[in-house]
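Line by line, the protein sequences are chains A and B.
Per UniProt numbering, the first sequence starts with residue 1, numbered consecutively.
Per UniProt numbering, the second sequence starts with residue 1, numbered consecutively.
The beta-carbon is built from N, C-alpha and C at its ideal position, and this holds for glycine as well.
There are 2 protein chains.
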Amino acid sequence: MGNMPDAADTDGLTVGQVSKRLGVTVRALHHWDEVGLARPSLRTAAGYRLYTAGDLERLHRVVVYRELGLGLDRIRDVLEDPAADVPGALRAQRAQVDERIDRLQRLGAGLDRMIDAQEHGLLLTTEQQAAVFGPQWNPDWPARARQLYGGTTQWTQYAERSASRGPEEWRAVAEAVACLERALGDAMDAGVEPGSPEANRLVERHREVFASYFPLTRRMQVCLGRMYEADPGFAAHYDGIRAGLAAWFRRIVDADARAHGIDPDTASWR
Amino acid sequence: MGNMPDAADTDGLTVGQVSKRLGVTVRALHHWDEVGLARPSLRTAAGYRLYTAGDLERLHRVVVYRELGLGLDRIRDVLEDPAADVPGALRAQRAQVDERIDRLQRLGAGLDRMIDAQEHGLLLTTEQQAAVFGPQWNPDWPARARQLYGGTTQWTQYAERSASRGPEEWRAVAEAVACLERALGDAMDAGVEPGSPEANRLVERHREVFASYFPLTRRMQVCLGRMYEADPGFAAHYDGIRAGLAAWFRRIVDADARAHGIDPDTASWR
DNA sequence: CTTGACCCTCACGTCGCGTGAGGCCGGAGG
DNA sequence: CCTCCGGCCTCACGCGACGTGAGGGTCAAG
Numbered sequence: 001m002g003n004m005p006d007a008a009d010t011d012g013l014t015v016g017q018v019s020k021r022l023g024v025t026v027r028a029l030h031h032w033d034e035v036g037l038a039r040p041s042l043r044t045a046a047g048y049r050l051y052t053a054g055d056l057e058r059l060h061r062v063v064v065y066r067e068l069g070l071g072l073d074r075i076r077d078v079l080e081d082p083a084a085d086v087p088g089a090l091r092a093q094r095a096q097v098d099e100r101i102d103r104l105q106r107l108g109a110g111l112d113r114m115i116d117a118q119e120h121g122l123l124l125t126t127e128q129q130a131a132v133f134g135p136q137w138n139p140d141w142p143a144r145a146r147q148l149y150g151g152t153t154q155w156t157q158y159a160e161r162s163a164s165r166g167p168e169e170w171r172a173v174a175e176a177v178a179c180l181e182r183a184l185g186d187a188m189d190a191g192v193e194p195g196s197p198e199a200n201r202l203v204e205r206h207r208e209v210f211a212s213y214f215p216l217t218r219r220m221q222v223c224l225g226r227m228y229e230a231d232p233g234f235a236a237h238y239d240g241i242r243a244g245l246a247a248w249f250r251r252i253v254d255a256d257a258r259a260h261g262i263d264p265d266t267a268s269w270r
Numbered sequence: 001m002g003n004m005p006d007a008a009d010t011d012g013l014t015v016g017q018v019s020k021r022l023g024v025t026v027r028a029l030h031h032w033d034e035v036g037l038a039r040p041s042l043r044t045a046a047g048y049r050l051y052t053a054g055d056l057e058r059l060h061r062v063v064v065y066r067e068l069g070l071g072l073d074r075i076r077d078v079l080e081d082p083a084a085d086v087p088g089a090l091r092a093q094r095a096q097v098d099e100r101i102d103r104l105q106r107l108g109a110g111l112d113r114m115i116d117a118q119e120h121g122l123l124l125t126t127e128q129q130a131a132v133f134g135p136q137w138n139p140d141w142p143a144r145a146r147q148l149y150g151g152t153t154q155w156t157q158y159a160e161r162s163a164s165r166g167p168e169e170w171r172a173v174a175e176a177v178a179c180l181e182r183a184l185g186d187a188m189d190a191g192v193e194p195g196s197p198e199a200n201r202l203v204e205r206h207r208e209v210f211a212s213y214f215p216l217t218r219r220m221q222v223c224l225g226r227m228y229e230a231d232p233g234f235a236a237h238y239d240g241i242r243a244g245l246a247a248w249f250r251r252i253v254d255a256d257a258r259a260h261g262i263d264p265d266t267a268s269w270r
């Protein structure tokens with residue numbers, strides 16, 4: 001029962017004592033003093049702030065309303081304006097809170113979509129995938145693609161696009177791809193020569209269509225052409241359209257690249 | 001098919017055109033340029049920013065991630081660091097969003113409590129009220145009090161306190177009030193004179209107990225004393241404790257006020 | 001040549017403090 | 001007496017993502 005460090009019967013508490021009592025920082029008290037929201041009625045000769053019981057009363061009200069998320073200006077109104085519409089201000093604040101919750105929930109839903117896209121590469125159900133991509137589609141492909149390419153910049157960009165695509169959009173992409181592949185097959189059949197304007201137009205068109213997945217530079221396209229030929233799965237796909245299409249495609253891509261000053265034999269993905 | 005105002009085939013779009021296409025403000029584009037997040041690759045001779053197709057690509061990605069709530073620094077990482085853990089960043093963001101939703105929901109609950117307190121004055125069910133305040137309690141009183149005093153500073157302060165009180169706390173308040181009233185009755189019976197130290201101590205104690213509702217100045221206490229005597233409801237309550245207690249209470253309050261330099265006949269509530 | 005729409009670069013304001021920097025005050029110990 | 005340490009003071013900048021002018025060039029059309 002010795003003299004307590006912060007006796008309640010003195011006529012004022014210092015900032016540190018108040019800060020402990022109310023659970024706010026000293027800086028906050030300084031700030032509220034600066035802006036005139038809650039000032040101590042006393043100062044010691046040395047300039048120390050001294051908060052009286054009445055000041056504590058007011059500070060406590062400030063803390064209460066701050067915990068409700070009101071801005072300092074609004075709190076000032078509530079504390080000082082006897083005509084302040086406190087219930088109105090509270091309801092307005094409530095409405096704002098609901099709004100912000102809504103926005104955050106939509107934001108969370110968007111994040112979930114994007115995370116899903118990053119993890120699965122495709123946001124369609126197996127049935128939707130079958131309906132959109134046709135019978136030759138293998139639902140394991142996205143997972144396999146992620147295993148191979150997950151973590152690359154291109155996978156990230158692909159996922160960004162996937163997140164904003166529904167069945168409709170995917171159908172349009174699949175249609176464009178199918179249309180291009182038909183055109184490639186027809187051109188090869190028609191004897192279009194690598195390096196010819198027609199071949200180069202097709203190469204250009206391939207880059208544009210492929211941009212549905214991610215932006216493709218000409219160098220990357222060269223690598224892609226070589227992979228289409230070398231990878232058994234891709235080769236089988238293209239040669240299934242026309243025998244030799246994979247090799248022919250590589251040749252028209254290489255020719256187009258050369259025409260743009262790129263050596264296809266040394267071109268790298270990045 | 002005339003020349004469009006923002007032809008897509010020119011080699012750059014100005015800030016205004018980009019702003020319309022992407023739905024962001026011109027200032028945001030300036031800002032992203034300033035901080036180096038997304039700069040135009042071209043400028044006209046006059047200094048106009050010109051965004052190329054590639055720039056638009058990058059801008060679009062910025063917009064996407066900004067809509068997911070990522071900070072500009074994090075977006076920069078995602079766009080530029082090929083080793084950036086994009087799914088990780090997204091999940092961290094998701095966790096933050098959930099946290100913020102939680103905080104907002106708690107905040108909303110607090111607001112609801114406070115609004116309720118402002119509107120009803122008491123957050124207890126009718127049964128709880130009966131259990132806490134005893135059989136002579138009338139559940140219409142809070143509503144009536146709000147009709148009379150709603151909108152005053154004191155009602156607001158009373159509501160603030162009510163919002164943070166449960167049945168326990170109300171029981172303590174009711175107990176303190178009952179105890180005080182017993183003491184008042186006993187003192188009157190014992191012939192305590194208005195103006196005596198004992199009477200003044202009781203007046204002081206009344207102010208302290210009453211502070212459970214809202215802070216009471218001595219002037220306000222004087223008005224209260226007069227109302228206790230004049231209002232039939234209050235008078236009946238106090239005279240029900242002891243015949244003449246309302247009038248005696250007014251007299252001890254008046255005397256205490258006079259002893260503190262207040263003229264009870266001209267004292268006003270505010 | 002003028003007009004009006006568009007563009008530029010500063011540069012301060014927002015909101016509620018956090019975080020030092022530099023220095024004074026006050027009580028305890030040597 | 002001096003010193004030390006913890007607490008207090010007053011500046012004053014920083015944060016995050018721009019909003020909002022001020023003051024002044026630029027461009028296409030009438």
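Any C-beta of chain A under 8 Å from that of residue i
{"i": "B:ILE115", "result": "yes"}
{"i": "B:PRO194", "result": "no"}
{"i": "B:PRO232", "result": "no"}
{"i": "B:LEU122", "result": "no"}
{"i": "B:ARG61", "result": "yes"}
{"i": "B:THR64", "result": "The sequence shown places Val at residue 64 of chain B, rather than the Thr named in the question. Yes, contact with chain A."}
{"i": "B:PRO40", "result": "no"}
{"i": "B:LEU72", "result": "no"}
{"i": "B:GLY23", "result": "no"}
{"i": "B:GLU208", "result": "no"}
{"i": "B:ALA8", "result": "With a pLDDT of 49 at B:ALA8, under the threshold of 50, the predicted position of this residue should be treated as unreliable, and no value is reported."}
For residue i, the three-state DSSP class (helix, strand or coil)
{"i": "B:TYR48", "result": "coil"}
{"i": "A:ARG43", "result": "strand"}
{"i": "A:ALA7", "result": "Annotation note: pLDDT 46 at A:ALA7 (below 50); position unreliable, no value reported."}
{"i": "A:LEU13", "result": "strand"}
{"i": "B:SER164", "result": "coil"}
{"i": "B:ARG270", "result": "coil"}
{"i": "B:GLN129", "result": "helix"}
{"i": "A:HIS260", "result": "coil"}
{"i": "A:MET1", "result": "Residue placement at A:MET1 is poorly supported in this model, since its pLDDT is 38, which falls under 50; the coordinates still yield a value, given next. Of the three classes helix, strand and coil, the one that applies to A:MET1 here is coil, per DSSP."}
{"i": "A:VAL24", "result": "coil"}
{"i": "A:ALA53", "result": "helix"}
{"i": "A:GLU169", "result": "helix"}
{"i": "A:TRP137", "result": "coil"}
{"i": "A:VAL35", "result": "coil"}
{"i": "A:THR152", "result": "coil"}
{"i": "A:ARG61", "result": "helix"}
{"i": "B:GLY110", "result": "helix"}
{"i": "residue 297 of chain A", "result": "This structure cannot settle anything about residue 297 of chain A, because the visible part of chain A is limited to 1 through 270."}
Cβ pair residue i, residue j closer than 8 Å
{"i": "A:GLN129", "j": "A:PRO215", "result": "no"}
{"i": "B:ARG250", "j": "B:ARG218", "result": "no"}
{"i": "B:VAL97", "j": "A:LEU123", "result": "no"}
{"i": "A:ARG258", "j": "A:MET188", "result": "no"}
{"i": "B:LEU68", "j": "A:MET220", "result": "no"}
{"i": "B:GLU160", "j": "A:VAL64", "result": "yes"}
{"i": "residue 275 of chain B", "j": "B:ILE252", "result": "Residue coverage of chain B in this structure runs from 1 to 270, which leaves residue 275 of chain B outside it and unanswerable."}
{"i": "B:VAL62", "j": "B:ALA38", "result": "yes"}
{"i": "A:ALA176", "j": "A:VAL209", "result": "yes"}
{"i": "A:ASP33", "j": "A:ARG43", "result": "no"}
{"i": "B:GLN147", "j": "A:PRO87", "result": "no"}
Minimum Cβ-Cβ distance from residue i to chain B less than 8 Å
{"i": "A:PRO215", "result": "yes"}
{"i": "A:VAL18", "result": "no"}
{"i": "A:ARG201", "result": "no"}
{"i": "A:LEU224", "result": "no"}
{"i": "A:PRO82", "result": "yes"}
{"i": "A:GLN118", "result": "yes"}
{"i": "A:LEU68", "result": "yes"}
{"i": "A:GLU204", "result": "no"}
{"i": "A:GLU57", "result": "yes"}
heavy atom of the ligand PLP below 7 Å from residue i C-beta
{"i": "B:GLU208", "result": "By its list of ligands, the structure shown contains no ligand whatsoever, and the ligand PLP lies outside what it can speak to."}
Residues of the region 87–115 of chain A whose Cβ lies closer than 8 Å to any Cβ of chain B, in chain order: So the close ones are PRO87, LEU90, ARG91, GLN93, ARG94, VAL97, ASP98, ARG100, ILE101, LEU104, GLN105, LEU107, GLY108, GLY110, LEU111, ASP112, MET114 and ILE115.
Length-filtered (4 minimum) alpha helix (DSSP H) runs lying within the region 200–246 of chain B: 218–230 and 232–241
Near-chain B residues of the region 151–181 of chain A - C-beta to any C-beta below 7 Å: Answer set for the region 151–181 of chain A: THR153, THR156 and GLU160.
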